[in-house]
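A quick write-up on the structure given underneath.
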């Protein structure tokens, strides 16, 4: 299955409802703090919105809910791998994306035969504090050489202009959060991204 090259990450189904009509075809729902019923409602609504739009929904972290609600994709960070029931995830047929930041994490991810591998932050990011300040495009080249045909997602500090650099260095997909969500005109920025990645 080929994935779209533009991969925004949003924290609510409301954001998906804004983005999907603009041509977004691959999107992650990343909800960090929500009560169980509210979480399930957001995932279910996001699933339905993506199905109607012909888009791929990736659910961050909440693999059990994704499985229960018939979603096709999940994304797990390294900490989430410690607690996720990977055999159950595979039995359910869920496709899996994994975050990586260093060689050890890449080795761990590759051992799990993921459907994509994300590397970040390629550029400095304001989304969250982390010990990796900036990986750089050289690290994208290294990762792509190591992972071969597995899609490589670049994340962290991306803009449409930087996405071109990331693709030139071997990334297959550009993922973005705050470049859209903090933009004064998110819809216009999404259109820019769609134009820059198609």
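In UniProt numbering, the protein residues as written are 1 to 198. Yeah, the Cβ is synthetic: ideal placement off N, Cα and C, and Gly gets one too. Predicted model, so just to flag it, every value in this text is computed and none were measured.
Bounds of the alpha helix (DSSP H) holding residue 89 are 86-91. Shown here for residue 29: same chain residues with a beta carbon closer than 6 Å to its own, the five before and five after excluded, namely 46, 59 in chain order.
For the 8 Å CB-CB criterion, residue 65 and residue 43 form a contact. Looking at the DSSP output, residue 28 bridges to 9, 58.
Between the segment 87-96 and the segment 69-76 there are three or more C-beta pairs closer than 8 Å, enough to call the two in contact. Here the alpha carbons of residue 36 and residue 181 stand approximately 24 Å from one another. Distances from the CA of residue 90 to each of 82, 63, 110, 80 were compared; the closest alpha carbon is that of 63. Ranked by Cα distance from residue 120, the options 88, 157, 34, 110 are led by 157.
The beta-bridge partner set that DSSP reports for residue 180 is empty. When C-alpha distances from residue 161 are compared across 189, 54, 61, the shortest belongs to 189. The alpha-carbon of residue 13 is positioned some 13 Å away from that of residue 21. For residue 95, the enclosing beta strand (DSSP E) starts and ends at 95-100. The beta carbon of residue 164 sits closer than 8 Å to those of 196, all from its chain and outside the five residues before and after it, given in chain order. When rounded, the separation of the alpha-carbon atoms in residue 54 and residue 4 is 12 Å. For the 8 Å CB-CB criterion, residue 26 and residue 6 form a contact.
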